[in-house]
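Structure first, commentary second.
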């Protein structure tokens, strides 16, 4: 083991079993649940009740207060500026009682989710080795060789490159071709990999065991690999035209590159790796309206009315509006001549969306459009040939849903989206009603001729036998295939819409 001197004023990695030297932190600034340990930092107070064991650390990492579970003063504890509150319940509360006493020092590493107890001189041991038994089957740890490399279906995975170095980590990550991987399927084993297999660690497999080793000499390599992965995410976001904060992401990667050229030490290096790992948040392909946006079906027929609605929304504290748009019949869009449907007559040719775009831009709030994909209140009157059909008793729902199997409907809805995106600079497109209506034993949907024909052909069945599914439902031998097939039809339509939007923008 190598020892390193780290100043505990900076608010980890070691053998797997929790000892008196460190504790795995289950979350940051989240609700403290039973048998968990949570750290609160960068916020004003914990917001938790008094039924947890709590320790308060100042900006230097020194424990300045301890509150036993049940002490009323331990409720909603104020978080010192630059400091933290460590709170635990259940089995983890005992660790706090034994180790976090007034006058002790702690160091928190968010990358490995480890809270270390420092000596009086500020020394702790963040380096070491960890071994676990692995197999090629789902179990505590599953090993996939480079020759069999593929994506983890679920679980926490570390991907190991040809040099035997951990190059990627996370839940559901994509394992590059030629890489081996180790996946943990249980919460406790995932925790061990988070703590003991950081990017940059060396991995070796022998005798049915994998051993991860992380040493001080690996710090620069670890940060360099993290920078490379962050740059890959940035490049992918740009290629996909994500609506991300590129300026922040580029500045962060440049800052990390500069740090990699220095002897930054454990604390600064892993803090930077933690920030790089979260770069996806700044590159998210969405606009975040928090909880301050409203879904709204427009009724306005002039610019003045639209301005009143938008200004009222802003005055109410909203920072976004999502306009509900039908899939053609009854649309508020002034559709061009030759289109299958036309704008609802009540709008009198007024370009509602254009007016909202201008008014929202002027007011400084976001605007998105929520498109109903398969649902239309007047579907039966608008285009009955596109409807999905029920298996028996008419519920009324089938009269309002177009069939995902309809080739004509799919061609139409793609053209509708094409017109929307080409002509209006909206911030985002939400897809609603991208499903069949609810299922009941009296009314299952999808029994229109096109769906039945396609299903029969794919599974080499007689169409009459397929229709029998609607009578027998769960007891039919092809019921699971039927459910999966219809799910696939919906997914196909959504994928086509997504591809069209990305192609155009």
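Residue numbers (my numbering): 214 to 718.
Even glycine gets a Cβ: it sits at the ideal position worked out from N, Cα and C.
Which first and last residues belong to the alpha helix (DSSP H) in which residue i is found?
| i | result |
| --- | --- |
| residue 313 | It is not in any alpha helix (DSSP H) - residue 313 carries neither H nor E in the DSSP assignment. |
| residue 422 | It is not in any alpha helix (DSSP H) - residue 422 instead sits in the beta strand (DSSP E) that spans 422-427. |
| residue 516 | 516-528 |
| residue 267 | Unbroken run through residue 267 is the beta strand (DSSP E), 266-270; no alpha helix (DSSP H). |
| residue 699 | 692-717 |
| residue 656 | It is not in any alpha helix (DSSP H) - residue 656 carries neither H nor E in the DSSP assignment. |
| residue 489 | 478-490 |
| residue 676 | 676-680 |
| residue 467 | 459-473 |
| residue 594 | 592-595 |
| residue 630 | 620-636 |
So, are the CB atoms of residue i and residue j less than 8 Å apart?
| i | j | result |
| --- | --- | --- |
| residue 422 | residue 347 | yes |
| residue 297 | residue 252 | yes |
| residue 674 | residue 691 | yes |
| residue 566 | residue 637 | yes |
| residue 292 | residue 257 | yes |
| residue 310 | residue 266 | yes |
| residue 388 | residue 432 | no |
| residue 561 | residue 514 | yes |
| residue 570 | residue 639 | yes |
| residue 572 | residue 523 | yes |
| residue 402 | residue 354 | yes |
| residue 582 | residue 644 | no |
| residue 634 | residue 521 | no |
Using only alpha-carbon positions, find the residue among the options that is nearest to residue i.
| i | options | result |
| --- | --- | --- |
| residue 330 | 314, 343, 345 | 314 |
| residue 377 | 525, 345, 685, 426 | 426 |
| residue 594 | 609, 379, 337 | 609 |
| residue 620 | 278, 667, 477, 489 | 667 |
| residue 767 | 321, 328, 680 | Outside the shown range of the chain (214 to 718) lies residue 767, about which nothing can therefore be said. |
| residue 658 | 633, 707, 702, 625 | 702 |
| residue 269 | 290, 283, 285 | 290 |
| residue 479 | 435, 497, 598 | 435 |
| residue 489 | 464, 513, 284 | 464 |
| residue 380 | 388, 406, 407, 412 | 412 |
| residue 341 | 406, 383, 600 | 406 |
| residue 236 | 300, 648, 279 | 300 |
| residue 212 | 392, 322, 642 | With the chain covering only 214 through 718, there is no way to say anything about residue 212. |
| residue 373 | 384, 359, 385 | 359 |
| residue 712 | 649, 626, 687, 524 | 626 |
| residue 275 | 294, 281, 596, 284 | 294 |
| residue 392 | 676, 375, 640 | 375 |
| residue 580 | 624, 531, 605 | 531 |
| residue 244 | 694, 281, 302, 686 | 302 |
| residue 242 | 234, 320, 259 | 259 |
| residue 706 | 662, 624, 685 | 624 |
| residue 601 | 559, 574, 415, 651 | 651 |
Near residue i, which residues of its chain fall below 7 Å by C-beta distance, leaving aside the five closest residues on each side in sequence?
| i | result |
| --- | --- |
| residue 588 | 613, 614, 646 |
| residue 462 | 447, 492, 495, 496 |
| residue 629 | 540, 541 |
| residue 599 | 615, 616, 619, 621, 622 |
| residue 715 | 453, 454 |
| residue 591 | 542, 543 |
| residue 672 | 691, 694 |
Among residues of its own chain, excluding the 5 on either side of residue i, which ones have a beta-carbon nearer than 6 Å to its beta-carbon?
| i | result |
| --- | --- |
| residue 472 | 485 |
| residue 527 | 576, 578 |
| residue 710 | 630 |
| residue 238 | 250, 252, 326, 328 |
| residue 288 | 262, 263 |
| residue 564 | 547 |
| residue 698 | 668 |
| residue 286 | 280 |
| residue 272 | 295, 296 |
| residue 278 | 269 |
Once the 5 residues before and after residue i are set aside, which same chain residues still bring their CB inside 8 Å of it?
| i | result |
| --- | --- |
| residue 230 | Bear in mind that the predicted position of residue 230 carries a pLDDT of just 36, short of 50, making it unreliable; the figure below should be weighed with that in mind. Excluding sequence neighbours, residue 230 sits near nothing in its chain. |
| residue 700 | none |
| residue 316 | 275, 276 |
| residue 648 | 587, 703 |
At a threshold of 7 Å, does residue i count as lining the ligand NAP (C-beta to nearest heavy atom)?
| i | result |
| --- | --- |
| residue 339 | Judged by which ligands are present, the structure shown has none, so any question about the ligand NAP falls away. |
Considering residue i, what are the terminal residues of the beta strand (DSSP E) in which it resides?
| i | result |
| --- | --- |
| residue 585 | 579-585 |
| residue 300 | 297-301 |
| residue 645 | 642-645 |
| residue 445 | Note, residue 445: premise wrong, no beta strand (DSSP E); alpha helix (DSSP H) at 432-452. |
| residue 276 | 276-280 |
| residue 537 | 533-538 |
Discussion item. Three or more C-beta pairs under 8 Å: does that hold for the region 608-617 against the region 505-520?
Written reply: no
Any contact between the region 553-573 and the region 527-545? By contact I mean 3 or more CB pairs, one from each, below 8 Å. yes
(request) Inspect the CB distances between the region 394-404 and the region 365-378 and report whether three or more fall short of 8 Å. (result) yes
Below 8 Å, how does it come out for the region 458-478 and the region 430-442: are there three or more Cβ pairs, yes or no? yes
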